Amino acid sequence: MTTMKVAVLGLGIMGSGMARQLLAAGFEVSVWNRSADKAGPLADAGARVGSTPGDAAKGADVVVAMLADDTVSRAVWTGEDGAFAAMAEGAIAIDSSTLTGGWVTELAELAEARGIRCLEAPVTGSRDQAAQGALRFLVGGDGEVLAAARPVFEAMGSAAVHLGPVGSGATVKLANNFLCGVQAASLAEAVALFEKRGLDVEQAMSILTDGAPASPLLKAVSRRMLDRAYDPHFLVPLMAKDLGYAGQALTEVGIVSAIAAAARQRFVEADEAGHGTQDIASIVEPLRAG
């Protein structure tokens, strides 16, 4: 049983799984979520529920955030009732959200000004990996801070890869999700093509999933598309956001990506068509209907 106290801010698909893994590992856990009903099951499992991010973070050795975007991250860390206002000097702030490099760099500077140690640690993996403690953390920040926080990472995931200074994790994470989003968008178009041509779609898809285009994502998402199984592993609007951030990162280094913009549009269309609470596989539905 560890004596380390950990707060988890954001209890969506990912954050709730991460908090459960920390509880299972014996950490003293506090949690906060904007929609308080999501905290109920974790309270039943032994977590303390904070009324604000700051309330959850009070007394924590490590505070982990898993939030939607830059705007929410800024509010949760730096707002009037935010985590920074309640954290002790020397505590560790870890943001595992998918964010822009510009914001995570500013976040680390704001933390340092308060005497708080800060890491960015976005993840690869989705709902199932979070629930199984099998996430891979892409860490940017000081190696000594990572060493101090390693027990927390080990409880939540299978690896914490130190990529370099703050901003490195965001760069790799956005590249990762850029490639995933492009694959999912092109896959949706291929599935719709097969269906509209009247092919045996299972047979046609087997050519792709057994051949050169195959990837773990293509295999998993194609199955959900064919089964129309849209219980969320990764929400549509979050991928649209990530592709927007990826396009921004590419533009900042002089690469104008028409690919990122086109893929993002598929997710925007699906969100506008009412699939915003569903898995990214649902982006095939507007193409089926068109």
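If you're matching positions, the sequence shown starts at 23 in this note's numbering and goes up one per residue. Even for Gly, the Cβ is constructed at its ideal location relative to N, Cα and C. Values in this document were obtained by computation on a predicted structure and should not be read as measured data.
Quiz item: If you drop the 5 nearest sequence neighbours on each side, which residues of the same chain put their C-beta closer than 6 Å to that of asparagine 199?
Solution: Asp264
Quiz item: CA-CA distance, glycine 296 and serine 304?
Solution: 10 Å
Quiz item: Per DSSP, what kind of secondary structure is aspartate 264 in: helix, strand or coil?
Solution: helix
Practice problem: Output the boundary residues of the alpha helix (DSSP H) element that contains isoleucine 35. | Solution: 35–46
Quiz item: What's the C-alpha gap between lysine 27 and valine 204?
Solution: 39 Å
Practice problem: Measure the alpha-carbon distance for alanine 236 versus leucine 230 and round it to whole angstroms. | Solution: 6 Å
Quiz prompt | Rounded C-alpha distance that separates leucine 132 from alanine 282 | solution = 31 Å
Practice problem: Check phenylalanine 159 in the structure and name its three-state DSSP category. | Solution: strand
Exercise. Flag this pair as touching only if the segment 176–184 and the segment 54–70 have three or more C-beta atom pairs under 8 Å; answer yes or no.
Key: no
Practice problem: Going by CA-CA distance only, name the one from Glu307, Thr74, Val53 that's closest to alanine 209. | Solution: According to the sequence shown, residue 209 is leucine rather than alanine. Nearest of Glu307, Thr74, Val53 to leucine 209, Cα basis: Glu307.
Practice problem: Report the residue ranges of all alpha helix (DSSP H) runs contained in full by the segment 121–187; include only those spanning at least 4 residues, in chain order. | Solution: 123–135, 149–154, 165–178
Quiz item: Taking C-beta to C-beta, are alanine 145 and glycine 162 nearer than 7 Å?
Solution: Just to set this straight, residue 145 is valine in the shown sequence, not alanine. Going by C-beta atoms, valine 145 is not nearer than 7 Å to glycine 162.
Quiz item: Between Gly233, Arg219, Thr193, Gly155, which lies nearest to glycine 39 when the distance is taken from Cα to Cα?
Solution: Gly155
Quiz item: Mind checking serine 228: buried by the 16 CB within 10 Å criterion, or exposed?
Solution: exposed
Quiz item: At what residue ranges does the segment 226–278 contain a whole run of the alpha helix (DSSP H), taking only runs of 4 or more?
Solution: 238–249, 258–274
Quiz prompt | Candidates Leu141, Val174, Ala153: closest to leucine 160 by CA position | solution = Leu141
Quiz item: For valine 86, is the classification buried or exposed, using 16 other Cβ atoms within 10 angstroms of its Cβ as the cut-off for buried?
Solution: buried
Practice problem: Could you give the DSSP three-state label for serine 57: helix, strand or coil? | Solution: coil
Quiz item: Just reading off the beta strand (DSSP E) that aspartate 117 is part of, what are its end residues?
Solution: 114–117
Quiz item: Does DSSP put arginine 96 in a helix, in a strand, or in coil?
Solution: helix
Quiz item: What are the boundary residues of the beta strand (DSSP E) that includes leucine 31?
Solution: 27–31
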